[in-house]
Amino acid sequence: NRNETWDSACEVHRQRCLCNTADPGCRHEELRHVHIDYYGTCREMPECSENDLADFPRRMRDWLFNVMRDLALRNELPDAYLALEHEAESNMTKRWTNAAIWKWCELDGHPHDNTVSRHELFPIRAPLFALEHCIAPFLESCDPNRDHRISLQEWGKCLELEEDDLTARCAEIAKDEEANASDLHDAFV
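At position 58 of the sequence shown the residue is numbered 58 (UniProt numbering), and the sequence of numbers has no breaks.
Now the structure itself:
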């Protein structure tokens, strides 16, 4: 990104659209991939040291699990993910893996294509950007082939999880969510 302040999120998306369609209104070719890092005034972020970056996967795994657990305790975790949370609570070896699967599935929203794009990362990046100076280089390292997409395997490797422990459960979770939504709709019809 260009460390640039924009007047609105709408203007960022407009400029990206203009550049993606080769419109003469495109200010610079690299704006095809521009995205919002965070909202608010510009901040001078400290450098992410090698040691901080090396420790970041552990901090991120802990944070993901704690957020998942807190959402479950407040009854704000969608039902489809509760089984992952319960399994993580009762089986310590599943704690970090299930939290990683939960967040990755949640981020893989639109379109649901079994990859997480840089734009789909915004809900995790923006709130952490001001608090965690290593979030940007960490997320960059999750996309080693630089295709602007993170697969579940890349996500797991980035979080230093065993690949054998990761299974793409998002499709079954999405089906459960659809079934629950359908049941809820039927209850109100």
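All C-beta atoms, glycine included, are put in the ideal place defined by N, C-alpha and C.
Starting from the C-beta of residue i, find all residues in its chain whose C-beta is less than 8 Å away, skip the five residues before and the five after it, and write them out in chain order.
i: C42; result: N3, T5
i: G109; result: E120
Could you give the residue range of the alpha helix (DSSP H) that holds residue i?
i: R125; result: 122-129
i: T97; result: 95-107
i: E132; result: Segment: none, E132 is in no alpha helix (DSSP H) and carries neither H nor E.
i: S49; result: Per DSSP, S49 belongs to no alpha helix (DSSP H) and is neither H nor E.
i: N20; result: 9-20
i: S151; result: Unbroken run through S151: none, as it is neither H nor E.
i: L31; result: Per DSSP, L31 belongs to no alpha helix (DSSP H) and is neither H nor E.
i: D79; result: 79-90
For residue i, is the classification buried or exposed, using 16 other Cβ atoms within 10 angstroms of its Cβ as the cut-off for buried?
i: R169; result: buried
i: C142; result: buried
Cα-Cα, which of the options is closest to residue i?
i: L139; options: N114, N51, L159; result: L159
i: C48; options: L152, D164, F65, H133; result: H133
i: E162; options: P24, R95, A126, E106; result: R95
i: P111; options: E89, D7, R149; result: R149
i: H28; options: Y38, H35, I36, Q15; result: Q15
i: I101; options: D147, W155, P57, R125; result: W155
Might you give, ordered along the chain, the residues of its own chain that have their beta carbon closer than 7 Å to the beta carbon of residue i, omitting 5 neighbours on each side?
i: V12; result: W6, V34, I36
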